[in-house]
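J.:
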Amino acid sequence: MIHLKINYEASLAILEREVEGELLSIVAVAAAAAVAAAAVAVAESVAVAVAVAVAVALAVAVEVAVSVAVSVAVTVAAATAAEAAAAAVAVALSEATAAAAVAAAVAVAVAVAVAVAVAGSSSSSGSSTISSSSSSTGSGSGSGSGSGSGSGSGSGSGSGSGSGSGSSSSSSSSKSSRSSSSSGFLLFCFRSVCRIRRTARKTN
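Quick note on numbering: our numbering labels position 65 of the sequence shown as 83, and the sequence is numbered without any gaps.
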């Protein structure tokens, strides 16, 4: 009887130890599971925080890139507009300079032509006056010197005709020389204007 009691107590002790071991293992497993769950939660929170930080950084980077692109586009547009305006001003100035040069050349040519015309008219009037005076003096000498002889009147008419022909030939030669000089000057002015225009076009 005593022997059975001892065996029973021993078996109970063994059973208690086994139960305690199983409980300890269960507790250990539960603790490990709790630690793993906590680690997973921490990892998830860290991942969420990292994702939020990355999203914020990307948004900031996109905003900065957009602002930089806008500023660069504005700067390029302003520089292009300034270059276009400067080129337009340069072209306008060159055209105005060429037009002023052409106007000056035309004014000079007109002034020279007017001066040549005035000089030609004055020379023609002077030559006509000289020819008329010479013809009148010739006729007077012929009538005055002739004392009833035909030789006096003949010499008078001959001198009158000679002076008239000389004045007309000299006036025509002066007119032709002046017209040729004026045409040469006009040709020079035209060539100068053409050179100025070519230079302005090459500069543009």
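Even for Gly, the Cβ is constructed at its ideal location relative to N, Cα and C.
One question on the structure: do residue 131 and residue 210 come within less than 8 Å of each other, judged by their Cβ atoms?
T.: Stepping through the sequence shown from its first residue, residue 131 is reached at position 113. Stepping through the sequence shown from its first residue, residue 210 is reached at position 192. Contact: no.
J.: Comparing C-alpha positions only, which one of 213, 214 and 206 sits nearest to residue 126?
T.: Residue mapping note: residue 126 aligns to position 108 of the sequence shown, counting from 1. Nearest C-alpha to residue 126: 206.
J.: Taking 8 Å as the limit between beta carbons, can you name the residues of its chain near residue 73, skipping five residues before and five after?
T.: Stepping through the sequence shown from its first residue, residue 73 is reached at position 55. None.
J.: Which same chain residues, not among the five before or five after residue 215, have their C-beta less than 6 Å away from its C-beta?
T.: The residue labelled residue 215 in the question sits at position 197 within the sequence shown. Answer for residue 215: 116, listed in chain order.
J.: To the nearest angstrom, report how far apart residue 112 and residue 97 are at their CA atoms.
T.: Position 94 of the sequence shown, counted from the first residue, corresponds to residue 112. Position 79 of the sequence shown, counted from the first residue, corresponds to residue 97. C-alpha separation (whole angstroms): 22 Å.
J.: Note down the Cα distance separating residue 30 from residue 39, rounded to an integer number of angstroms.
T.: For this step, residue 30 is matched to residue 12 along the sequence shown. For this step, residue 39 is matched to residue 21 along the sequence shown. Distance between the alpha carbons of residue 30 and residue 39: 14 Å.
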